[in-house]
Structure formats: structure tokens, C-alpha cells
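When we follow the numbering used here, the leftmost residue of the sequence shown carries the number 21, and every step to the right adds one. Every residue gets a Cβ at the ideal spot worked out from N, C-alpha and C, and that includes glycine.
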Amino acid sequence: MGGLACALALKKHGFDRVEVYESASNLGFVGAGIQMAPNMARILDRLGCWDDIAKEATNIKSTSIRPEGNTNKELAFVELLDIKENYGYPHMVGHRSSLAGNIYEGCKREKVAFFFSTTVESITTFGPKPSFIAQPRHGNAYTVEADIILAADGIKSNCRVSMLKELNADANVEDTGQSAYRIMLKREQMENDPELKELIDSDRVTRWIGEKRHIIAYPVSNKNIYNISTAHPDTHFAEAPSATYTTRGSKSDMFHTYSSFGELCHRMLDLVPEGEVCEWKLRVHAPLPTWVHGSVALVGDACHPTLPHLNQGAGQAIEDAGVLAVVLSKCPDGSPQSINKALQVYERVRKERAELLVGLAAASGKALQLGEGAAKEERDRQFAALRAGKGPVPDKWADGDTQRMIFGHDCMKVAEESFDEIFKSLTQDARL
Ligand SMILES: Cc1cc2nc3c(=O)[nH]c(=O)nc-3n(C[C@H](O)[C@H](O)[C@H](O)COP(=O)(O)OP(=O)(O)OC[C@H]3O[C@@H](n4cnc5c(N)ncnc54)[C@H](O)[C@@H]3O)c2cc1C
């Protein structure tokens with residue numbers, strides 16, 4: 021998401037030659053849904069690809085939070101009032117392939133050059149002309165020299181490893197102890213069951229919560245697909261090598277994990293064909309000392325992996341892209357010194373906010389998965405107050421104050437307005 025958005029944003033800001041190196045053979049079918057908050061939509065609209073994404077996405081009007089067990093009675097129901105009026109864009113949910121595919125179409129229109137099936141092995145120089153080793157799936161490795169490298173190679177980033185090694189710093193991977201099932205059900209599978217049909221026909225994000233686990237679900241792709249994502253203690257990755265992030269799960273393990281959830285959830289989970297249970301390890305890492313070295317900057321999950329509980333990981337990667345395009349287009353000249361300073365402006369504008377959201381996502385997940393005790397009683401008191409129309413929402417993405425802070429922030433505007441002042445205040449990176 022971050023890499024595609026960077027490529028498109030740079031082209032839209034007048035950069036002539038933009039190349040994308042991607043290890044996958046194509047963008048393919050990314051089988052999962054994604055929540056697309058107004059702060060993401062605002063940037064994609066400026067890049068000219070939001071309308072096509074929004075066309076098949078669902079405009080979310082409310083969220084329902086329900087406890088584990090059989091009652092299916094709501095702990096809270098929150099209407100997402102005036103999101104479009106307040107923030108310019110609705111809160112939508114869609115299919116990842118639609119989001120990635122439409123940014124990719126924008127890139128193709130702008131003549132971005134794509135090198136698929138090509139893995140960036142490592143960054144070899146950080147400046148004055150940064151370079152990396154590209155390993156095509158078939159053929160010999162070669163070195164690519166660039167003016168600027170934006171490394172959006174995700175949670176398992178090779179570029180992050182290269183940068184931290186160069187800086188003699190650590191990339192402490194933090195085990196969240198959590199993993200997730202990601203499931204997509206088709207309308208045909210649900211429409212003969214009135215309760216399941218109601219779910220796929222709704223404009224609602226529904227979350228079922230229990231101790232140390234939850235399920236979140238919403239309709240995508242013009243309501244032809246119901247997307248389900250979960251989070252629970254990770255038991256299968258304990259012995260897996262640290263580089264393993266996905267595994268084929270078993271249906272019986274999935275049922276066992278969610279045995280305390282109600283009959284409605286079980287009917288949903290039962291629709292997943294045996295052999296198609298996919299489990300994802302949720303990994304994050306400690307905040308990095310820096311995202312920038314020389315003429316290289318890290319982007320997205322490579323520098324701020326975020327747990328999914330706030331629905332902001334991709335949104336933040338796309339904010340990175342919007343800010344990078346602004347700061348690089350405002351860079352007074354193409355010298356390595358100016359490029360480095362512009363990238364440092366990017367870090368100044370983005371790092372604190374992204375890391376705040378990383379913390380908020382972890383805290384929101386924790387609050388939703390509390391076991392018996394005082395903290396859970398307080399959370400449930402807040403849910404009860406919400407039913408009377410008052411107070412904060414413990415599921416933070418639906419909380420009014422949190423929305424103001426996240427959805428109301430126009431990162432590109434902030435970058436435009438603060439560039440000159442920050443740029444002037446910076447001295448040349450002493451490490452160069
Ligand atoms: C269960 C779950 C649910 C989520 N839900 C949401 C949500 O609702 N809303 C939201 O905003 N975010 C959500 N996220 C987070 C979001 O998916 C990520 O934050 C986002 O995809 C990060 O974008 P990225 O571009 O940094 O990395 P990625 O999307 O992971 O992209 C990295 C790309 O780099 C490629 N690559 C990797 N290594 C190399 C290499 N060495 N050389 C070349 N190419 C390479 C990969 O193939 C991939 O295409 C969720 C995450 C999870 C796990």
C-alpha cells in the first residue's frame with residue numbers, strides 16, 4: 021500500500037522517473053478486507069483514485085460491539101454520525117485488491133515502471149547516490165542506483181535491516197503474542213440464513229469480544245463478500261522461525277479458539293471450507309531510532325507496523341506517501357544534502373503521529389480483550405454509558421475524540437505548511 025501510494029504521489033507531484041521493485045509476481049488477489057478511514061481517503065482522492073475504490077466499498081454508518089457467549093446482545097452500538105460532514109470523506113470498508121488495484125491503475129496511467137518478481141535484497145549505499153541489490157526470481161542479481169530510495173517493503177523489511185545495521189542500531193522485533201484468522205465469505209454462503217444475511221446486508225462493522233480474543237466483520241465488494249478478521253493468542257507460531265508470518269490453520273483449532281463465542285459466530289466460522297483457514301502472525305517492532313539515512317527513507321510497516329485494532333496501518337503508510345511527495349517536491353534542489361534534509365522533514369512530520377497510533381492500536385486491542393477484573397468492569401461501564409448516549413468509546417476507532425485526532429489530521433497540509441521552517445532548522449545529517 022505504502023509503495024504504490026508513494027509511486028503515484030511522486031508522479032502526481034511531477035517526478036519523472038519512478039520505479040517500483042516488488043518481490044511478488046503481480047499484485048494478485050489479496051484475500052482480505054480493509055477499513056479505509058477518511059484520513060486515507062483524503063490522500064487517495066488527491067491522487068485521483070479514490071472514486072473507483074469508493075464505488076465498490078461499503079459506507080459504514082455504525083458499529084456494534086457484542087460479548088462472547090450466546091446472547092448476541094449488544095454491549096454498545098455506536099452510530100458514526102457526520103463523519104463525511106466533519107472530515108470530508110466517509111469511513112468505508114473495502115477489499116484490499118480493490119484498494120491496491122486502483123492505486124496500481126493510477127500508477128500505470130502515470131507510467132510508473134514496475135519490476136515484479138524482483139526482491140530488494142539489501143541496501144548497499146545510502147548516499148550520495150543510494151543503491152540496492154535487486155534479485156529477480158529468474159536471473160542474476162544486479163545493483164540499482166537511484167537518487168532517492170523509499171523502502172516500503174513491509175513488516176519483514178530487508179531495507180530496515182540494512183539501515184539499522186549501517187547505523188549500528190537494533191530492530192527489536194516484539195512478539196505481540198497474537199495472531200489473526202482472515203476469512204472471506206461469499207453472499208451465496210450467507211443469504212439463506214436470515215441472521216447471516218442481515219450481517220452482509222448491513223452498513224455496519226460488528227465486533228464480538230471475549231477474553232484475549234475478538235472477531236471483527238463487515239461487508240465489502242458491493243456487499244458480495246463478508247470479511248471476517250480475528251485476533252487471539254498465538255499458539256501456532258511459537259516454534260515457527262521468526263520470519264514466518266502466515267500459516268495454514270485448521271478449522272478445529274479455529275473452533276476451539278472461539279468456542280466461548282456464540283452460535284452465530286460458529287455458524288459463520290463453519291462456512292469456511294476446511295483447508296482454507298489462513299492464520300497470520302501479528303508482529304510489531306520497537307520504535308526505530310530513525311526512519312531516514314542519507315537519501316533513503318523507510319515507509320509504512322517497514323518503520324511503524326501497527327496492530328490492526330485501530331484500522332490504521334495502511335492509512336498511516338498512505339499518509340507517509342502523501343507527506344513524502346510534498347516534502348520531496350518542495351526540496352529546493354536535487355543535491356544529496358537537500359534530499360536528506362527533505363526526508364528528515366518527512367520524519368519530523370510523521371514519526372511522532374505514526375508511533376502514537378501504534379500505541380493507541382495496541383491499547384485499544386487490550387481494552388477489547390480484557391478478562392474478568394476491575395479494568396473490564398470499567399470498560400463495560402463505559403459501554404453501558406454509551407447506550408445512554410454518553411462518554412468515550414473503548415473501541416477507539418469509533419470514539420469521537422480519537423476520530424478528530426486521526427480523521428481530522430491532514431498530513432499533506434501539515435507538511436506543506438511546516439516544510440520551510442523545519443527544513444531551515446535542520447543541519448546536514450552528521451552521519452553522512
Ligand atoms: C489482520 C490485519 C488487519 C488489518 N486491517 C487494517 C485496516 O482495516 N485498515 C488499515 O489501514 N490497515 C490494516 N492493517 C494494516 C495494513 O495491512 C498494513 O499496515 C499495510 O498493508 C502496510 O502497508 P505497507 O505498504 O507498509 O506494507 P505491505 O502492504 O505489507 O506491502 C509491502 C510490499 O512489499 C513487498 N516486499 C516485501 N519485501 C520485499 C522485498 N525485499 N523486495 C521487494 N518487495 C518486497 C511485498 O510483497 C508487499 O507487496 C491490517 C493488518 C492486519 C495484519
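Check: residue i C-beta below 6 Å from any heavy atom of ligand 1
i	result
Y8	For the chain, the structure presents residues 21 to 452; residue 8 sits outside this window and is missing.
T226	no
V140	yes
Q198	no
Q357	no
P328	yes
I54	yes
A381	no
Q332	yes
N46	no
A29	no
A7	Shown here, the chain extends from 21 to 452; a query on residue 7 therefore has no answer.
G68	no
S249	yes
D321	yes
D173	yes
G22	yes
A337	yes
N515	Look at the range of the chain in this structure, 21 to 452, and you will see that residue 515 is not part of it.
N360	no
N122	no
N59	no
N178	yes
Assigned secondary structure, residue i (DSSP; H/G/I helix, E/B strand, else coil)
i	result
A408	coil
N92	coil
G114	strand
Q198	strand
H324	coil
V292	coil
T266	strand
K104	helix
K396	helix
P253	strand
L10	Residue 10 cannot be examined here, being either before or after the span of the chain that is shown, 21 to 452.
Q55	strand
G230	strand
F146	coil
S45	coil
R463	This structure leaves residue 463 out entirely; the chain is present only between 21 and 452.
A306	coil
C298	strand
T277	helix
S355	coil
Q423	helix
A61	helix
Q402	helix
M204	strand
Assumed close pair residue i, residue j - CB separation to whole angstroms, cut-off 8 Å
i	j	result
I175	L119	18 Å between Cβ atoms; not a contact.
D254	G197	6 Å
L388	P412	L388 to P412, Cβ: 14 Å. No contact.
M140	D173	A small correction: the amino acid at residue 140 is Val; Met does not occupy that position in the sequence shown. The Cβ separation is near 6 Å, so the contact holds.
T138	Y238	Actually they do not touch by this definition, with Cβ atoms about 34 Å apart.
A52	R202	5 Å
Y246	I229	That belief does not hold up - the Cβ atoms of Y246 and I229 are roughly 18 Å apart, past 8 Å.
A61	M21	Not a contact, Cβ separation roughly 13 Å.
Beta-carbon gap between residue i and residue j smaller than 7 Å
i	j	result
P307	E208	no
K416	S384	yes
I85	L95	yes
S199	L302	yes
G114	A77	yes
S315	P110	no
V304	E194	yes
E231	N90	no
T83	V225	yes
P356	G147	yes
Check: residue i C-beta below 6 Å from any heavy atom of ligand 2
i	result
Q389	For the structure depicted, ligand 2 is absent and the ligand set comprises only ligand 1.
Short CB-CB distance (under 7 Å) between residue i and chain D
i	result
D254	The structure shown has no chain D; it contains just one protein chain.
Are three or more beta carbon pairs between the stretch 376 to 384 and the stretch 317 to 334 nearer than 8 Å? yes
With contact counted as at least three CB pairs below 8 Å, one residue from each stretch, are the stretch 424 to 443 and the stretch 342 to 359 in contact? yes
Contact between the stretch 349 to 357 and the stretch 57 to 64 (3+ Cβ pairs under 8 Å): no
The stretch 358 to 376 touching the stretch 269 to 284, judged by at least three CB pairs closer than 8 Å: no
Can you confirm whether the stretch 305 to 319 touches the stretch 366 to 373 when touching is taken to mean that 3 or more C-beta pairs between the two stretches lie within less than 8 Å? yes
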